[in-house]
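With positions in the sequence shown counted from 1, the corresponding number in this note's numbering is that position plus 583. The C-beta atom is built at its ideal place from N, Cα and C for all residues, glycine as well. These notes concern the structure reproduced below.
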Amino acid sequence: MTHPRRPRPPARGARLVAALVAALVVALPSGGMTAAAEPAPTATATRQEFAEAAPRNAPGQTLYFQRVTIPPGLALVPHFHEGLQLGRVVRGTLTYEVVSGTVQRVDRAGRTESVTGPRTIRVRPGETLIEDAGLAHTGANRSRGPVVIDVAALLGTGAPLATPLGQPATGTRVALTVELFSQETRLTELGATVLYGWNRLTGTATDPSGPVAVEMQASVDYTSGSGPFSGFVTFTFADGAVIGTRMEGLATRGADGATQFASTVGVLGGTGRYAGATGTGTFTGTRTAGVGQPATLTFTLTVGRA
584 MTHPRRPRPP ARGARLVAAL VAALVVALPS GGMTAAAEPA PTATATRQEF
634 AEAAPRNAPG QTLYFQRVTI PPGLALVPHF HEGLQLGRVV RGTLTYEVVS
684 GTVQRVDRAG RTESVTGPRT IRVRPGETLI EDAGLAHTGA NRSRGPVVID
734 VAALLGTGAP LATPLGQPAT GTRVALTVEL FSQETRLTEL GATVLYGWNR
784 LTGTATDPSG PVAVEMQASV DYTSGSGPFS GFVTFTFADG AVIGTRMEGL
834 ATRGADGATQ FASTVGVLGG TGRYAGATGT GTFTGTRTAG VGQPATLTFT
884 LTVGRA
């Protein structure tokens, strides 16, 4: 495939980004490497954006649907992504190197293979790669024709589409573990299995600056102790700075009666040193008894600026 010689109309040109691409996504900075004994490429990769959205069930994250075209001879800068990505090769053969970590390759028959680095594989049309956040990898087009990949990527809002290895993820990392105690509840039970309502919990964590007050306002919709929850979590730091977040998660009750929690978190804003904050994160945790009893949670946030 060759690129058209006449300039594209501005509306479409805005969606075709000439940049070095990550193996499944573009927007890496210039300075890409070329493979040994290969001529330097005369073209750059392009990204065509089909759509993007901000899913309500993934607060603080943006979902992208794109088509990436990598011209012959182009090799890519080793990099990682700040989120989950799926890429299906539509045309050509992608030479894909796992630098560290594990990628899932799904073949045309739907069989899944785990590929752990360091290792190089060839990904052919109809095959799909599933990349977790932080997977270190690179790729190249060593064929005579273009490689075309359709990509779905769920990334932190505001995060780059790809981050070169050696460059930290955008934002400040905030990691806290806290035991939360219920202060108020309004719950409705229907029969022996359905429970819904809200719960306000508070607790105190610590970070290098001192104590951190944590308040959670949670709505729950459980059947037999398991189900979705949502709400807000506010962190107030020792210097008075505040981070406000929204959560969407899932509670899973085990046979022993303990409940496991997993949630995504989106930063809504902040005050003080976190004024104008944006970002994303997660939390996981456990509660050994019923709703309204103490829960121990570990939060990990990446906080940036708008």
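- Residue pairing by DSSP places proline 638 opposite no residue, since no beta bridge is assigned to it.
- Distance between valine 660 and glycine 643, taken at the CA atoms: about 27 Å.
- The DSSP-derived three-state label of arginine 725 is coil.
- Residue pairing by DSSP places valine 803 opposite Gly780, Phe812 in a beta bridge.
- Counting along the chain, tyrosine 679 sits inside the beta strand (DSSP E) bounded by residues 677–683.
- Beta-bridge analysis with DSSP links tyrosine 647 to Glu635, Ala736.
- Using a Cβ distance threshold of 8 Å, valine 886 and valine 848 do not count as a contacting pair.
- With fewer than 16 neighbouring CB atoms inside 10 Å of its own CB, glutamine 876 falls in the exposed class.
- In the displayed model, glycine 666 falls within a strand according to three-state DSSP.
- Look at glycine 855 here: in three-state DSSP terms it is helix.
- Using a Cβ distance threshold of 8 Å, proline 729 and arginine 674 count as a contacting pair.
- With the rule of 3 Cβ pairs closer than 8 Å, the segment 737–754 counts as touching the segment 663–680.
- Around the beta carbon of glutamine 750, fewer than 16 other beta carbons sit within 10 angstroms, so the residue counts as exposed.
- About 6 Å separates the CB atoms of glycine 700 and glycine 684; that is less than 8 Å, so the two are in contact.
- Taking 8 Å as the upper bound for CB-CB distance, serine 726 and threonine 676 are in contact here, some 5 Å apart.
- Residue environment analysis places glutamate 772 among the exposed positions, since fewer than 16 neighbouring C-beta atoms fall within 10 angstroms of its C-beta.
- Per the DSSP secondary-structure output, phenylalanine 764 pairs in a beta bridge with Thr785.
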